[in-house]
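S.K.: Handing you a structure now.
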Amino acid sequence: MRKVMTRPRPRPTTTRPPAGRPPTRRDSRTPPSRTSPPVPPSRPIPAQPPPHPTEVFAERLVLVLSGQRPMHWVARHIANTAFDELARLAELRPLCTDGHRPTIHRIGHYQPHPETYEVFVRIAAGPRLRALAFRLTLGADRKWRCTAVETGTPHT
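Quick note on our numbering: the sequence shown kicks off at 2 and runs consecutively.
Written as structure tokens, this is what we have:
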């Protein structure tokens, strides 16, 4: 999950006199001989690096497990055994709460092998925090695939 922060826009500078009566020499804010200050050139926005595969998969799994997206939306990114487990979990909708959208609070990962990530995600679903864990493996086609999925059981 990438955070995008925006800066407030600077207020545009105007050279118009204040509304009301016509300007005179004493109450004119901008002398007639001056021009408006030059507008600084806009700086190009630096390109952000692409999101980490763990972030992309976490967002996708949260959308499926909360019922916001269908299973086939992530089908090509999931290995056979993990697909069956995800299908079972998606029926239960463990992240679906009464009107609250789940949001990702924290993503962490452990890399036991250069081509494997074990990921844990902390998710706020309503007033509670839930857990999601999954494993990503880099396939022979150099694409990441989810090979295992687990969720924490909600306390009732």
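Just so you know, even glycine gets a beta-carbon here, dropped at the ideal spot from N, CA and C.
Predicted, not measured: the structure shown is a model, and the values here were computed from it.
If I follow the unbroken beta strand (DSSP E) through R143, where does it start and stop?
M.R.: Mapped onto the sequence shown, residue 143 falls at position 142. First-last for R143: undefined, no H or E at that position.
S.K.: With 16 other CB atoms within 10 Å as the buried threshold, where does A76 fall?
M.R.: Locating residue 76 in the sequence shown gives position 75, where the first residue counts as 1. With fewer than 16 Cβ atoms within 10 Å of its Cβ, A76 is classed as exposed.
S.K.: Jot down the residue ranges of each uninterrupted alpha helix (DSSP H) in the stretch 81-155, minimum 4 residues, whole runs only, in chain order.
M.R.: DSSP runs (the alpha helix (DSSP H)) wholly in the stretch 81-155: 81-93.
S.K.: Ends of the alpha helix (DSSP H) at V75?
M.R.: By one-based count along the sequence shown, residue 75 stands at place 74. Premise fails: V75 is in no alpha helix (DSSP H) and is neither H nor E.
S.K.: Between the alpha carbons of D99 and P39, how many angstroms are there, rounded?
M.R.: Here residue 99 refers to the residue found at position 98 of the sequence shown. Here residue 39 refers to the residue found at position 38 of the sequence shown. Answer to the nearest angstrom: the Cα atoms are 53 angstroms apart.
S.K.: With a Cβ-Cβ cutoff of 8 angstroms, do R159 and P95 count as a contact?
M.R.: This structure gives no information on residue 159, because the portion of the chain shown stretches from 2 to 157.
S.K.: Could you give the DSSP three-state label for P52: helix, strand or coil?
M.R.: Numbered from its first residue, the sequence shown carries residue 52 at position 51. Three-state result, P52: coil.
S.K.: Could you give the C-beta distance for E60 and I105, rounded to a whole number, given that I count them as a contact under 8 angstroms?
M.R.: The sequence position of residue 60 within the sequence shown is 59, counting from 1. The sequence position of residue 105 within the sequence shown is 104, counting from 1. Confirmed, about 7 angstroms.
S.K.: Find the nearest neighbour of L139 within the set F84, H114, P47, judged by alpha-carbon distance.
M.R.: Along the sequence shown, read from residue 1 onward, the residue named residue 139 stands at position 138. Comparing Cα positions, the closest option is H114.
S.K.: What did DSSP end up calling R44 once you bin it into helix, strand or coil?
M.R.: As a first step, residue 44 is located in the sequence shown; it is residue number 43 there, counting from the start. Three-state DSSP puts R44 in coil, outside helix and strand.
S.K.: With distances taken Cα to Cα, identify the nearest neighbour of C97 among L62, P42, P47.
M.R.: Counted from its first residue, the sequence shown places residue 97 at position 96. Minimum Cα distance to C97 is reached at L62.
S.K.: Comparing alpha-carbon positions, which option in V120, E116, E92 lies nearest H110?
M.R.: Indexing the sequence shown from 1 puts residue 110 at position 109. The option with the nearest alpha carbon to H110 is V120.
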